[in-house]
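Down below is the structure, laid out as structure tokens.
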């Protein structure tokens with residue numbers, strides 16, 4: 679796999695500082711039942727990295743000490759971590775809003791047959807990957823048969839109440855097929871609602887349109903095809919300064935499977951750790967954060983940050999404008 683960090687380190691992206699943290703985004707491990715072309719984590723069935731119970735206890739300690747109100751669970755397939763359900767239960771018992779970034783097909787994997795009901799019982803928000811409403815496009819990006827399973831999973835979630843009320847929000851995530859910016863989120867959401875509703879009777883709460891990041895598997899593919907420089911030109915050329923104030927890293931801390939801290943999930947995949955005051959050597963761990971205040975801490979930026987500010991903007995919560 680081609681390394682993208684050397685192509686991203688030199689940047690003129692605006693400086694950023696962290697505001698008060700209200701969201702903890704936890705990568706529970708890189709194991710996944712899918713291998714997606716656009717995956718910036720390079721997750722897959724052969725990855726074995728998984729967060730331990732000890733580190734999950736550290737997560738819970740930080741949630742309590744820092745009064746974190748939102749827990750955003752990612753992977754890989756986060757549900758494949760054996761401690762996933764314990765973490766969800768204990769976070770919900772603390773009154774924390776929990777988001778599960780679900781690839782949908784995990785709901786039909788052996789041992790996960792009751793997962794959908796568990797998520798509904800715990801009132802976990804589901805943010806589900808569905809990079810297109812057309813079968814050929816989804817299967818090309820995510821693997822043969824993924825679209826059909828995703829439709830069945832969405833219908834199952836709808837039957838449990840997801841997408842029908844604020845208590846059980848169901849959001850879908852769109853990613854472009856290649857090196858281009860996503861179309862306007864509002865118009866795309868209307869197309870998703872119409873086509874998924876007419877063809878499959880599916881309802882959902884909202885659509886998030888996310889840009890593909892030029893890192894890890896997707897970035898390596900761009901380099902192999904000689905498209906990396908052009909894609910970076912697209913991102914930089916579409917930069918909108920007004921998006922800078924709304925980027926997710928200002929109120930979020932990303933945590934890897936070992937408990938180390940990063941300014942965002944993308945920095946995590948590039949191996950750019952969060953450091954106190956933006957200086958020093960080594961990495962900060964969850965246990966270090968218990969003794970620190972990260973408010974106003976400088977955020978480590980590189981050229982990939984233009985992926986969050988290009989066009990309508992892109993974050994874990996969809997378009998910024």
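In the numbering used here, the protein residues as written are 679 to 999.
Note that CB positions come from ideal geometry on N, CA and C, so glycine has one too.
Since this is a predicted model, take the numbers as computed values, not measurements.
Item, Value
"Integer Cβ distance of residue 973 from residue 697, believed to fall under 8 Å", "7 Å"
"Expected contact under 8 Å - CB spacing of residue 828 and residue 782 to nearest Å", "4 Å"
"Sufficient close CB pairs (3 or more, under 8 Å) joining the region 823 to 843 to the region 764 to 771", "no"
"Residue 848 - DSSP class collapsed to helix/strand/coil", "strand"
"Length-filtered (4 minimum) alpha helix (DSSP H) runs lying within the region 858 to 923", "863 to 878, 894 to 902 and 906 to 915"
"Counted within 10 angstroms of its Cβ, other Cβ atoms place residue 875 as buried (16 or more) or exposed", "exposed"
"Integer-rounded CB distance, given that residue 737 should sit under 8 Å from residue 964", "6 Å"
"Residues that residue 775 bridges to, as DSSP identifies them", "748"
"Cα-Cα separation, residue 940 to residue 787", "31 Å"
"C-beta contact flag for residue 852 and residue 888 at 8 Å", "yes"
"contact_flag[the region 693 to 709, the region 752 to 761] where n(CB pairs < 8 Å) is 3 or more", "yes"
"Inter-residue CB distance, residue 910 and residue 817 (contact presumed, cutoff 8 Å)", "So it is not a contact: roughly 28 Å between Cβ atoms."
"Span of the beta strand (DSSP E), counted from its first residue to its last, around residue 932", "930 to 933"
"Environment of residue 923 [buried if 16+ CB atoms lie within 10 Å]", "exposed"
"Residue 737 in three-state terms, based on DSSP", "helix"
"Distance CB(residue 733)-CB(residue 879) smaller than 8 Å", "no"
"Residue 779 versus 773, 762 and 806, residue with shortest Cα-Cα distance", "806"
"Residue ranges of each alpha helix (DSSP H) within the region 783 to 823, 4 or longer", "793 to 799 and 813 to 820"
"Cut-off 8 Å between Cβ atoms - residues of its own chain near residue 866, not counting five sequence neighbours on either side", "852, 860, 885 and 887"
"CA-to-CA distance, residue 789 to residue 993, given in whole angstroms", "32 Å"
"Closest Cα partner of residue 986 within the set 920, 970 and 975", "920"
"Spatial distance of residue 893 from residue 685 (CA atoms)", "10 Å"
"Those residues which DSSP pairs with residue 701 across a bridge", "748 and 930"
"Terminal residues of the alpha helix (DSSP H) in which residue 691 lies", "Unbroken run through residue 691: none, as it is neither H nor E."
"Nearest residue (CA-CA) to residue 623, options 979, 690, 930 and 935", "Because the chain spans 679 through 999 in this model, residue 623 falls outside it and cannot be assessed."
"Same chain, Cβ closer than 6 Å to residue 926, five either side skipped, listed in chain order", "993 and 994"
"Beta-bridge pairing of residue 780 - partner residues as DSSP gives them", "806"
"Whole-angstrom distance between residue 933 and residue 730, CA atom to CA atom", "13 Å"
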